[in-house]
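To start, the structure under review is shown below, and the notes come after it.
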Amino acid sequence: MPKFVFMPPQDEERRMLAARLAEAVSEYEVVSPETDQEALAAIRDADAVYGWVSPAALAVAEKLAWVQNPDAGPFYGYYYRELIEHPLVICNPRGIYHDHISHHILMFVLALSRGLPWYLDAQRDRTWNKDARKTPYVYLGEATALINGVGGIGHETARLCHELGMAVIGIDPRPEYDLPYAELHTPDELDELLPRADFVITTVPHTPQTEFTFDAARFRLMKRSAYFINIGRGMVCRIDDLAGAVESGEIAGAGLDVFEHEPLPADHKLWGLPNVLMTPHVAVADAGNIPDRRFRIILDNARRFLAGEPLTNVVDKAKWY
148 MPKFVFMPPQ DEERRMLAAR LAEAVSEYEV VSPETDQEAL AAIRDADAVY GWVSPAALAV
208 AEKLAWVQNP DAGPFYGYYY RELIEHPLVI CNPRGIYHDH ISHHILMFVL ALSRGLPWYL
268 DAQRDRTWNK DARKTPYVYL GEATALINGV GGIGHETARL CHELGMAVIG IDPRPEYDLP
328 YAELHTPDEL DELLPRADFV ITTVPHTPQT EFTFDAARFR LMKRSAYFIN IGRGMVCRID
388 DLAGAVESGE IAGAGLDVFE HEPLPADHKL WGLPNVLMTP HVAVADAGNI PDRRFRIILD
448 NARRFLAGEP LTNVVDKAKW Y
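First residue of the sequence shown: 148, per the working numbering; consecutive thereafter.
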């Protein structure tokens, strides 16, 4: 009987996933150790795990063949040299957040295009000011969205932007989706494409290749009327460079759900900049259907693993995604 270990820390969702898997696929021995020490004992003869495999756990795992990563973009350090070099297969849940996060992106696009931050300031000041907006109105029917990463989240964002009448430029090193309404380019073309965009939207995970993609030099390539939106990972953007670009007027503003440092320090200048919208990494917070979507991926792969079939959402470990 193959053994599936749900690695700690345990929480309500992880316990629910383990119970559902044990009920749905009785061929597995499903265990949920509560402590790291218990996990070291449990993983020794495990065939599959859900969660993170630490270097210490990997060192004692004798038959581990499949790791199901809970996150599409895991924390920095999830992938390390020994894990990358190990023959085990890692899968992730990419695709389960596409609608929730793309809707969050569209919230930023619509609000920034119409100058909502300026009007909110006027509202808080109890001022009836029809001239509150200090940046140009952006008509989306004639605007261009450059989407850095058109995978699970980015491809849905591209579709929604297209439905609003926007021209779409997609950048991705390995496109997986059919986007007939978008121009598709590779990351090495980013610099020549940035000056065309009214909205630069980045959805990519943090990898060695994407770290600090957006810095002062890249912001200088954008239109002064353009907006930057980051919904992927904070380490893709140098936050001080972004603040400088907005403050100096090199770009018109920004919408951010992720940050280089989280939580964003209370004394950071971004807090006080006009035409910047920020949410505290909550694009999928309280999205009630995410646990069920995550379980369906686990269940599908669990059945595939039993049958000796190829797993879905396999990660290129060396690239971290």
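From the three backbone atoms N, C-alpha and C, an ideal C-beta is built for every residue, glycine too.
Residue burial classification, residue i (beta-carbon count within 10 angstroms, cutoff 16)
i, result
"MET163", "exposed"
"TYR286", "exposed"
"PRO264", "buried"
"SER395", "exposed"
"ALA193", "buried"
"GLY220", "buried"
"TRP467", "buried"
"TYR175", "buried"
"PRO352", "buried"
Contact under 8 Å by Cβ, residue i with residue j
i, j, result
"ARG191", "ALA208", "yes"
"ALA186", "MET148", "no"
"ALA401", "LEU411", "no"
"PRO240", "ASN422", "no"
"ASN216", "ILE243", "no"
"GLY317", "HIS245", "no"
"ILE378", "GLU407", "no"
"ALA189", "VAL178", "yes"
"GLU409", "GLY381", "yes"
"ALA449", "PHE255", "no"
"ALA258", "THR291", "no"
Residues sharing a beta bridge with residue i, DSSP
i, result
"LYS150", "GLU176"
"GLY400", "TYR374"
"GLU181", "The partner list for GLU181 (beta bridge, DSSP) is empty, contrary to what the question assumes."
"PHE346", "ALA292 and TYR374"
"ALA314", "THR291"
"GLU330", "ILE316"
The ligand PLP heavy atom lying under 7 Å from the CB of residue i
i, result
"GLU330", "No copy of the ligand PLP occurs in the structure displayed, which carries no ligand at all."
As assigned by DSSP and simplified to three states, the class of residue i
i, result
"THR274", "coil"
"GLY391", "helix"
"VAL207", "helix"
"ALA186", "helix"
"VAL383", "helix"
"ASN377", "strand"
"GLY419", "helix"
"ASN239", "coil"
"TRP199", "coil"
"PHE361", "strand"
"TRP213", "strand"
Neighbour flag for residue i against chain D, beta carbons, 8 Å
i, result
"ARG371", "Included in the structure is just one protein chain, with no chain D present."
Query raised in the report: Does the stretch 288-296 touch the stretch 441-460, meaning 3 or more C-beta pairs lie closer than 8 Å?
Result: no
Query raised in the report: Quick one: any contact between the stretch 429-444 and the stretch 197-208, if contact means 3 or more CB pairs under 8 Å?
Result: no
**Report entry** Three-pair Cβ contact test at 8 Å for the stretch 366-373 versus the stretch 417-428
**Finding:** no
Requested in this report: Decide yes or no for the touch test of the stretch 300-317 against the stretch 249-261: beta carbon pairs closer than 8 Å, at least 3 of them.
Outcome: yes
Query raised in the report: Are the stretch 371-384 and the stretch 346-354 in contact at 8 Å, needing three or more beta carbon pairs?
Result: yes
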